[in-house]
Amino acid sequence: MSRFLIRRAGLGLITLWLLSVIVFLGAQVLPGNPARAILGQDAAPASVAQLNSQLGYDRPLLERYFDWLGGVLTGDFGTSYLYQSSAGDLIATALGNSLKLGLVAVVLVVPLSLAGGVFAALHRGRLADKAVTFGGMIVSVLPEFVTGIVLLLALGIWWPVLPISATAPPGAGPLEELRHLILPALALMAGLFGYIARVARAGTIDVLDADSTRTATVKGLRRREVIRRHVLRNALLPSITVTATQIGYMVGGLVVIERLFNYQGLGLLLFNAAQRKDFPLLQGAVLVVGAIYIVMTLLADVLQAVVNPRVRAQVTSR
Amino acid sequence: MTASIAPPAAAVQAEQLDVTYRVRGRDRLVIRGLDLAIAPGESYGLVGESGCGKSTMALALVGALPSNGRVSGGRLEVAGHDLASARGEALRRLRTDVVAMVYQSPGRALNPTMRVGDQIAESFVVKSASWDEGRAQAHEMLRKVKIADPDLVMRRYPHELSGGMQQRVVIAMALAKRPELLILDEPTTGLDATVEAEVLDLIAELRAEMRTSVLFISHNLSVIARMCDRVGVLYAGRLAEEGPVDDVFRRPRHPYTASLVGCIPRAGMSKEDGRLVAIPGALPALGSVERGCVFAARCPAAEERCAAEEPPLTREDDRGFRCHYPERAGALSRPTEAPLAVADPAREAGERPPLLEVERVAKTFGDGARAVRVLQEISFTLAAGETLGIVGESGSGKSTLARVLLGLEAADEGATLRLDGRPLRPGVAARDDEQVRALQIVFQNPDSALNQRHTIRRILRRALRRLSALPPQRREQRIAELAEEVRLPAPQLDARPAGLSGGMKQRVAIARAFAGEPRVVVCDEPTSALDVSVQAAIVNLMVWLQREHGTAFVFISHDLAIVQYIADRIMVMYLGRVMEVGAAADVFSPPHHPYTEALLSAPRDAFAAEARARVRLHGDPPSVADPPSGCVFQTRCPRKVGAICETEAPPCQQLAGGRQIHCHIPAAELERLQREAPVEAPTPDPKET
Amino acid sequence: MTATSTPLAAPSARRARRVATVRALLRRPSFVIGTAVLCFWVLCALVGQAIVPDDPYATDPANALASPSGAHWFGTDALGRDVFSRVVVGSRAILTISLLAAGLATLLGTTIGLVMGYFGGLVDEALSRVAEAVMALPSVILALLALTALGPSNLTLVVVVGFAYSWVIARTVRAAVLTERGAEYVAAARVRGERSPYIMFGEILPNVVPVVIVEFTVRVGMAVFSVASLSFLGFGVQPPSPDWGLQIADSYGVLSAGAWWTALFPALAIASLVVSVFLIADNVQGALSE
């Protein structure tokens with residue numbers, strides 16, 4: 001098992017390193033001339049050259065990359081042009097806010113979508129099944145800002161039960177803060193519900209149709225015993241991976257949602273950095289987003305190995 | 001056992017039973033008008049090919065038909081309980097107390113994430129035991145199914161056990177209920193022959209002890225012959241014939257039964273003795289025959305009347321059959337005279353110059369500490385036009401050997417392969433065109449071996465382009481000739497594999513292999529994926545093609561009867577080593593290697609009474625990754641002589657006629673032992689669970 | 001042989017099967033609805049400019065933020081432009097970009113996936129790591145990074161979104177190829193001396209085509225999703241194009257002032273397009289796996 005952990009973590013590190021290369025390439029090599037990208041096409045060549053040397057872009061590429069990587073490894077993400085302060089600190093604060101929002105969405109969506117998927121599978125082919133799978137799919141494929149706009153209009157403006165700003169006024173209690181987060185969290189979770197429910201449903205149906213379930217039935221177990229003891233556990237195993245990757249991907253939706261609701265999270269920070277061509281900040285924030293995903297998939301694999309004896313056997317024999 | 005005061009009801013009573021599946025909005029009768037009765041304590045066998053309705057019958061008996069299936073007519077009772085109307089609690093009671101089932105693939109029948117002990121205990125818990133009691137009784141059950149270390153096995157998950165062990169667990173689970181009826185649905189299909197023999201013994205023993213009625217479902221006549229008192233033969237959902245096992249198989253009254261008996265070579269029969277009985281055509285699609293006898297279209301004895309008028313079930317003494325001309329059946333079960341092959345003394349004596357020479361082939365997968373050697377020191381020769389049969393269980397390395405010969409895998413350093421005296425390079429890409437042409441293959445599963453997206457014509461055309469020197473304009477004509485050679489109807493050339501029956505697909509695969517006039521065709525279990533009625537036709541075809549083209553075969557199979565029929569010489573493999581090589585006729589008579597001896601004593605044909613004295617191996621074959629020291633067979637060998645077997649690899653004893661036996665016991669001694677009494681294998685080492 | 005047991009094969013078996021698949025699709029109501037909606041938007045993209053009541057670019061400050069009426073069915077925006085006309089014409093950019101991006105992704109992804117699955121070993125291992133690293137970034141964020149660096153343009157949008165999704169497709173195709181690679185027809189091809197390119201494209205590719213088709217349809221939907229999101233953020237389709245995402249970005253600020261129509265109608269347009277594509281994708285997947 002420890003051998004598997006080391007191997008899996010090693011692979012995660014390689015992926016993370018490749019990610020840093022991609023991010024660096026995207027932010028520093030693609031623009032060709034970063035200062036020109038920042039100042040615009042009409043800037044005077046002299047000022048472009050000056051900015052380039054001021055920002056260190058006149059140094060060799062590899063040197064810049066290792067400088068940046070070394071910094072990141074020691075927690076130094078460089079200085080944001082836009083805010084003129086430590087990119088690392090900015091990212092940490094924004095990440096904290098985003099985690100709050102994300103947590104609300106995850107706590108709502110994971111149990112709901114798993115239950116929805118299992119429920120749909122147990123009522124396969126009936127109206128309840130179609131409602132969950134069909135409805136779930138539709139809300140999930142809509143871009144978050146579309147869901148967001150509709151929710152905003154419906155629950156914030158036409159029938160104003162929820163505040164339309166995601167940020168509570170200063171000094172508000174945690175409950176008030178939570179109330180402000182519900183609308184954006186709903187828009188976020190809409191994006192996840194369909195995918196998780198779908199995998200949970202498919203997993204349940206596979207197990208319901210499996211020979212082992214028939215064995216349990218023919219043994220004389222009651223249907224609810226069959227489902228509780230023999231179906232649920234096997235059915236939900238595949239959902240672990242999907243849930244983890246979907247949570248990792250939720251960060252993509254955060255950019256849009258935080259922009260729409262003007263919430264000071266990682267997404268909005270990323271958006272501002274992109275809009276103002278604040279490359280150190282953008283690079284750092286994108287790297288963090290990717291790292292979150294990689295860590296989530298790592299956790300999913302490890303969890304899978306812990307709870308699924310077959311996977312455990314595979315990883316220990318390897 | 002639950003005490004029943006009323007006079008014992010029949011274990012199974014089916015009257016005019018219809019079972020229907022709803023497929024794509026249409027009802028299809030899978031079982032039609034079935035009458036069947038199993039007496040208390042009786043063991044009843046149900047044989048038939050895939051799709052004949054055997055498994056449907058089993059599922060109907062436990063009330064577990066798939067959601068699109070239902071009992072649509074007639075009556076079905078198990079031990080006096082009506083099943084057609086049983087619902088809810090009544091059905092559940094029936095399942096906990098009356099009827100139990102053992103399935104074909106134990107690996108899939110067990111819950112992968114629940115410990116084995118708990119799964120067996122559950123069978124007691126449903127009968128209102130506590131979990132602790134349940135576990136204690138599960139422990140007891142595991143002892144009953146002869147598992148050496150129940151404590152250890154209880155804590156295991158199913159995937160940690162071998163197939164044979166898994167099936168014991170399923171049997172333990174089924175017998176935990178002390179059922180009045182035990183249904184066994186192909187319980188040993190997919191197990192190796194030696195393991196199968198052991199599981200069958202166990203079932204027979206437990207049945208004798210528990211006096212349970214048994215419904216034994218199998219496609220394998222020899223297994224039915226060994227295990228059952230009476231047998232019913234199903235064809236396309238209809239009971240074709242039934243009666244006492246020996247009587248039915250020896251004196252069939254239905255042409256289908258007769259053909260089934262005749263299409264499997266009897267022990268001792270070879271290709272020089274005559275051709276196998278082949279049943280033309282393929283099984284009709286579900287519920288497609290509406291008038292007349294369901295077998296009429298394939299029946300060699302059929303008259304006009306058969307297609308028009310369904311024969312009634314005729315009862316004579318303890319026999320029943322559904323045929324207008326029962327007297328014609330007898331002649332059909334005997335192999336046709338006019339053998340396809342003629343004996344060739346020179347070939348048998350191994351006096352022809354070798355075509356293919358294989359020396360010291362070894363194959364290792366992986367490296368370092370995790371290296372697994374699946375083949376060790378394999379050497380043999382093959383003469384032109386000869387058939388070398390290779391027999392072995394899973395893990396014996398026979399398929400890897402095939403891949404090495406064909407250049408799909410490279411052998412380890414030090415191996416030599418020669419064709420016509422010229423060295424064969426390890427990889428197929430490095431061999432010259434002539435060598436590539438000379439060596440071709442027929443795979444086990446034509447569904448996998450034919451590209452589903454290509455038409456048959458395209459498949460053959462491509463083979464001709466690569467393997468023959470024909471100019472493009474001659475190829476179309478050659479395709480037609482090839483199709484004719486393998487008896488493939490011309491219109492099917494433009495179909496895709498999915499549109500062909502299994503037998504037809506295998507004919508295409510054979511045609512493809514013969515496209516470039518190969519010298520050697522490697523046949524890797526070419527009949528194992530086919531129904532028995534189709535197998536015979538394929539074997540006949542291969543023998544005929546061999547005679548026409550003078551092709552040599554390397555014929556790999558786990559099925560001794562088929563190998564004995566088709567092979568001139570036989571090589572027996574175990575765990576990647578050769579145990580024994582010799583002319584086909586010699587290998588089947590003493591002296592033989594103790595492993596061959598065990599293989600030979602597994603049931604091999606439908607005439608169980610002739611079964612020879614039994615030698616049984618205990619335990620599962622060891623893992624290839626961790627082979628035993630000394631002789632690899634020593635852990636299971638019933639004739640182990642002592643420490644020498646554990647420490648030294650056995651010598652190769654050269655006997656007359658090119659015979660080789662790898663054993664520490666001198667051949668003369670082996671012969672004396674084997675002509676005397678059979679032995680029981682040593683009790684397995686508890687570690688070996 | 002019974003006539004019923006072996007369906008006689010006609011030369012046009014392949015076409016017959018295709019016809020059967022299409023028939024099966026047409027029996028599914030959600031597929032028909034999806035196709036109808038998609039066709040509507042394709043039509044709008046092709047001829048919308050010619051048939052709309054007003055010029056989608058013409059501003060009319062005097063008539064700004066007029067609510068829906070007979071003259072302006074969907075009202076007007078802050079510059080007094082007709083929202084209905086802009087919604088109809090706005091389908092063009094997003095449809096073109098999404099289709100091109102999905103096409104590029106499919107082409108690239110299928111090739112990479114074939115190479116990974118067929119050659120396996122180190123090639124596969126290396127490309128798998130790259131795929132994982134690319135997929136660690138949600139496509140919107142990857143695109144945001146590249147569009148910031150390169151400056152927004154429709155071509156960049158196609159290339160970036162196509163690149164991002166190609167790795168997802170590559171992984172799916174790889175898995176399908178791995179299954180096929182173990183099949184005996186591949187071994188048979190090697191035994192008769194076929195070379196790798198023929199085996200990859202002549203033998204294996206036809207067998208993974210259903211997977212590729214499904215991936216393409218799904219990716220069209222995902223591309224619409226991503227392009228709309230990027231436009232909303234201001235990095236996608238550039239003004240003055242009447243793109244839906246842009247329209248929403250321009251006008252959601254006036255939502256609280258009560259001008260709901262400027263954002264809601266483009267939002268519904270996006271919703272109908274995305275859902276229609278996913279309905280098609282879902283049904284195609286269902287029909288092909290039957």
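Chains as they are written, first to last, in the UniProt record's numbering: chain A, 1 to 318; chain B, 1 to 689; chain C, 1 to 290.
Every residue gets a Cβ at the ideal spot worked out from N, C-alpha and C, and that includes glycine.
On a predicted model such as this, the values are computed, not experimentally measured, just so you know.
For residue i, count neighbouring C-beta atoms within 10 Å of its own C-beta (all shown protein chains included) and say buried if the count is 16 or more, exposed if not.
i: B:T416; result: exposed
i: B:C663; result: buried
i: C:F201; result: exposed
i: B:R24; result: exposed
i: C:C39; result: exposed
i: B:G117; result: buried
i: A:W74; result: Looking at the sequence shown, residue 74 of chain A is not Trp but Thr. Under this definition A:T74 is an exposed residue.
i: B:Q376; result: buried
i: A:S2; result: exposed
Is the shortest distance between the beta-carbon of residue i and the beta-carbons of chain B less than 8 Å?
i: A:R233; result: yes
i: A:R7; result: no
Between which two residues does the beta strand (DSSP E) harbouring residue i extend?
i: B:R373; result: 372-383
i: B:T20; result: 12-23
i: B:L234; result: 230-235
i: B:T387; result: 387-391
i: B:Q660; result: 660-662
i: B:D524; result: 520-524
i: B:V30; result: 26-38
i: B:P354; result: 354-365
Quick check on residue i - is its C-beta less than 8 Å from some C-beta in chain A?
i: C:F216; result: no
i: C:W260; result: yes
i: C:G121; result: no
i: residue 691 of chain B; result: Residue 691 of chain B falls outside the range modelled here, since chain B spans only 1 to 689, and no answer is possible.
i: B:L188; result: The sequence shown places Thr at residue 188 of chain B, rather than the Leu named in the question. No, its Cβ sits nowhere closer than 8 Å to a Cβ of chain A.
If we cut at 8 Å on Cβ distances, does residue i have a partner in chain C?
i: A:V251; result: yes
i: B:V436; result: yes
i: A:I247; result: no
i: B:N68; result: no
Would residue i and residue j qualify as a contact pair, given that the criterion is a beta-carbon distance under 8 Å?
i: C:A50; j: C:S91; result: no
i: B:V245; j: B:A225; result: yes
i: B:A411; j: B:L460; result: no
i: B:G237; j: B:G53; result: yes
i: A:V104; j: A:A197; result: no
i: B:F321; j: B:H254; result: yes
i: B:M165; j: B:L200; result: no
i: B:V12; j: B:V98; result: no
i: B:P106; j: B:Q167; result: yes
i: A:I149; j: C:L147; result: no
i: B:I556; j: B:D524; result: yes
i: B:V195; j: B:D626; result: no
If you follow the alpha helix (DSSP H) that residue i is in, where does it begin and where does it stop?
i: C:A164; result: 154-181
Could you name the residues of the region 204-217 of chain A whose beta carbon sits closer than 9 Å to any beta carbon of chain B, in the order they occur along the chain?
D209, A210, D211, S212, T213, R214, T215, A216, T217
Output needed in chain order: residues of the region 173-207 of chain C with a Cβ under 7 Å from some Cβ in chain B.
A183, E184, Y185, A187, A188, R190, V191, R192, G193, E194, E203, P206, N207
Give me the subset of the region 561-584 of chain B whose CB atoms are less than 8 Å from a CB atom of chain A, sorted by chain position.
none
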